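Numbering (the working numbering), first residue to last: 826 to 1098. Take a look at the structure below.
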């Protein structure tokens, strides 16, 4: 039985050309871009202060920081306090001698936590360790999960977050091809959950390749329909979503309660040898 009392939130993303190795410049771009914006929850790109194509761990280390007490976390907390809102943003986390591709979550001046990327690409394996757990975040208005780029390619990851009570997927991403954008629609539809993704734009050279990041950030509804998709290099997009309350069945065109069907299977999270 469905319950009543859906929550209305203003959510969206800020897509921009991330400047390589210029964290202060990128933070200023974010601050300027959000100066006049009003929202409840906003997603920023993956690795949005550093850029992406680093040739080695040694090259990347000077730009890594503590996820909770570092300069970028402090900047985001201050910004979230000014906006009285929640921010989800990708960064490079340093923990001892290990580096992680991490998204941090802050809300109304407080640090809520972090989600490390659990599924790293072949290009990233020379730089990062894998995350080893999934969790949901609750900012007082909505419970949501975070999937970072290649994490979206694993349907089990999104399903675990849905089974843990997520009502929205927040997705910081860096990609240039068409595949991740297509996959996001499927993840939303197969779990009956809306999704907000934020890709970056711009061109970088490194790892013996040139990369063009295509942008095309999206807001997708629970049926897999694109509500918003950006075409400009720099783009702030916001929309209102109606989020069902805890306990409400999540369905799609095939059935009214997807998670009832999903619970016939057992998922336990990442397993490592």
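All residues carry an ideal CB built from backbone N, CA and C; glycine is no exception. These numbers come from a predicted model, not from an experiment.
Check whether residue i and residue j have beta carbons under 8 Å apart
i	j	result
residue 972	residue 952	no
residue 955	residue 967	no
residue 831	residue 1068	yes
residue 1048	residue 1077	yes
residue 1139	residue 858	What is shown of the chain runs 826 to 1098, which leaves residue 1139 out entirely.
residue 854	residue 916	no
residue 1027	residue 880	no
residue 1014	residue 977	no
residue 1087	residue 948	no
residue 975	residue 991	no
residue 1061	residue 837	yes
residue 1091	residue 842	no
residue 996	residue 1095	no
Spatial neighbours of residue i in its chain, beta-carbon cut-off 7 Å, leaving aside the 5 residues before and after
i	result
residue 1001	1036, 1037, 1038, 1039
residue 828	Its pLDDT being 45, under 50, residue 828 is placed unreliably by the model, and the measurement read from it follows with that caveat. Contacts found: 1070, 1072, 1073.
residue 789	Residue coverage of the chain in this structure runs from 826 to 1098, which leaves residue 789 outside it and unanswerable.
residue 1052	1044, 1045, 1046, 1064
residue 833	1065, 1067
residue 999	870, 871, 872, 877, 974, 1024, 1025, 1038
residue 984	1016, 1087, 1092
residue 856	904
residue 1029	845, 876, 877, 878, 1036
residue 914	869, 873, 901, 928, 929, 997
residue 850	844
residue 1003	none
Other residues of its chain near residue i: CB distance less than 6 Å, five sequence neighbours each side excluded
i	result
residue 826	Because residue 826 sits at a pLDDT of 35, beneath the cut-off of 50, its placement in the model cannot be relied upon, and the point is left open.
residue 889	917, 919, 924
residue 900	852
residue 1100	Outside the displayed span of the chain (826 to 1098) sits residue 1100, for which this structure offers no information.
residue 835	864, 865, 1063, 1065
residue 1081	1074
residue 884	none
Sequence-distant residues of its chain with Cβ nearer than 8 Å to residue i (five each side left out)
i	result
residue 1098	Confidence is the limiting factor: at residue 1098 the pLDDT is only 43, short of 50, which leaves the residue's position unreliable and the question unanswerable from this model.
residue 848	874, 875, 888, 896, 897
residue 1041	1006, 1024, 1054, 1055, 1056
residue 903	934
residue 961	968, 969, 970, 986, 989, 990, 991
residue 982	943, 944, 959, 972, 976
residue 860	none
residue 1034	878
residue 909	933
residue 886	919, 924
Supposed contact pair residue j and residue i - C-beta distance, whole angstroms, cut 8 Å
i	j	result
residue 986	residue 959	6 Å
residue 957	residue 937	Wrong, their Cβ atoms sit about 19 Å apart, outside the cutoff.
residue 980	residue 1012	7 Å
Margin query: For the structure I just gave you, are there three or more beta carbon pairs, one from the segment 858-873 and one from the segment 1021-1033, closer than 8 Å?
Written below: Proximity of the segment 858-873 to the segment 1021-1033 meets the contact definition, three or more beta-carbon pairs being nearer than 8 Å.
Checklist line | Complete runs of the alpha helix (DSSP H) confined to the segment 972-1042 [at least 4 residues] | finding: DSSP runs (the alpha helix (DSSP H)) wholly in the segment 972-1042: 980-988, 1004-1016.
Note to self: So within the segment 861-896, which uninterrupted alpha helix (DSSP H) runs reach at least 4 residues, ignoring any that extend past its ends?
What the structure shows: As far as the segment 861-896 is concerned, its whole alpha helix (DSSP H) runs of at least 4 residues are 882-885.
Checklist line | Runs of beta strand (DSSP E) wholly within the segment 892-963 (minimum 3 residues, chain order) | finding: Within the segment 892-963, the complete beta strand (DSSP E) runs of at least 3 residues are 911-920, 923-932, 935-941, 961-963.
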